[in-house]
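Just below is one structure, and these are the notes that go with it.
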Amino acid sequence: MFRNLRRVKKYRRPGSNLIAAKNIKPHEWKISHAEVKEALKHKGCEVKKVRKIRYLKHQVCISFWDVKGNVCSSFFSYRIFTRWETTVLKLINCCDDIREWRRLNRIMRYEFAYYEYLEEMEKVLQTALENRLYALKATSEVAVFYES
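According to our numbering, the stretch in the sequence shown is residues 250 to 397, in order.
Written as C-alpha cells, this is what we have:
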C-alpha cells in the first residue's frame, strides 16, 4: 500500500502578482539584446554578447558570453527590465476609479513583498501609486461638487 505523505504548507500571503492577474504579459514581449545587456549590467553581470533569449511566462532564460569568454545561462525575472517599469506606470495611470486603484495597489503590495525590485524602481512605482490616488480623490471630489 502507498503511504499518504504529509504536506507541509508554508504560509504564503493570499494574492497574486501582475502576471498571474493577467495585467501584464511579458512573455509576449520581444526584448532587444541591448536592453538585456543593460539589465544584466544593473544586476552585476558583465556581458560581452547576448547569445539567446527564451521567454517563459514568469521569467526569461538568457544565455550570454561574459567578459572572460565563458557561456553563462540563467533565469531572470522580467522585473529587472525597464520595460516592466514603464508598463506598470501605464497600468497605474490607466486606473479610472478608486476601486480599480485599490485592486492594483493590493497587487503591488504583494509584488513588493515577494519579488525583488530595484530600489529606485520601487520608489518610482510607489510615488506613482500615491500620486494617482491623490488625482483620483481630487477628481471624485470635483465630481461630487458639480453634482450638488
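For glycine and all other residues, C-beta sits at the position ideal for the given N, C-alpha and C.
Alpha carbon of S389 to alpha carbon of L267, nearest angstrom: The residue you call residue 389 lines up with position 140 of the sequence shown. The residue you call residue 267 lines up with position 18 of the sequence shown. Answer to the nearest angstrom: the Cα atoms are 26 Å apart.
Run the CB neighbour count on R478, radius 10 Å, all protein chains shown included, and call it buried at 16 or more, exposed below. As displayed, the chain neither begins before 250 nor continues past 397, which places residue 478 out of reach and without an answer.
Would you say M357 and L385 are within 8 Å of each other, going by their C-beta atoms? Along the sequence shown, one-based indexing puts residue 357 at 108. Along the sequence shown, one-based indexing puts residue 385 at 136. Result no, Cβ atoms of M357 and L385 do not sit closer than 8 Å.
Whole angstroms is fine: what's the gap from S448's alpha carbon to A387's? Here the chain comprises residues numbered 250 to 397, so residue 448 is not present and cannot be evaluated.
Member of D345, H291, K274 whose CA lies at the smallest distance from the CA of T331: Walking along the sequence shown from the start, residue 331 turns up at place 82. Looking at D345, H291, K274, the one whose alpha-carbon comes closest to that of T331 is H291.
How should A288 be labelled, buried or exposed, when 16 other C-beta atoms within 10 angstroms of its C-beta is the threshold for buried? Taking the first residue of the sequence shown as position 1, residue 288 is located at position 39. The residue is buried, with at least 16 neighbouring Cβ atoms inside 10 Å.
Candidates K306, L305, S281: which alpha carbon is nearest V299's? Residue numbering aside, residue 299 sits at position 50 when the sequence shown is read from its first letter. Nearest of K306, L305, S281 to V299, Cα basis: S281.
Beta-carbon proximity list for H307, same chain, < 7 Å, skipping 5 on both sides: The residue labelled residue 307 in the question sits at position 58 within the sequence shown. Cβ neighbours of H307 beyond the five flanking positions: I268.
Cβ of S326 within 7 Å of any heavy atom in the ligand NAD? This structure simply doesn't include the ligand NAD, nor any ligand for that matter.
Range covered by the beta strand (DSSP E) that runs through R328: As a position in the sequence shown, residue 328 is number 79, starting the count at 1. Careful: R328 lies outside any beta strand (DSSP E) and carries neither H nor E.
Answer yes if the segment 334–344 comes into contact with the segment 358–377, meaning at least three C-beta pairs across the two stretches below 8 Å, and no otherwise. yes
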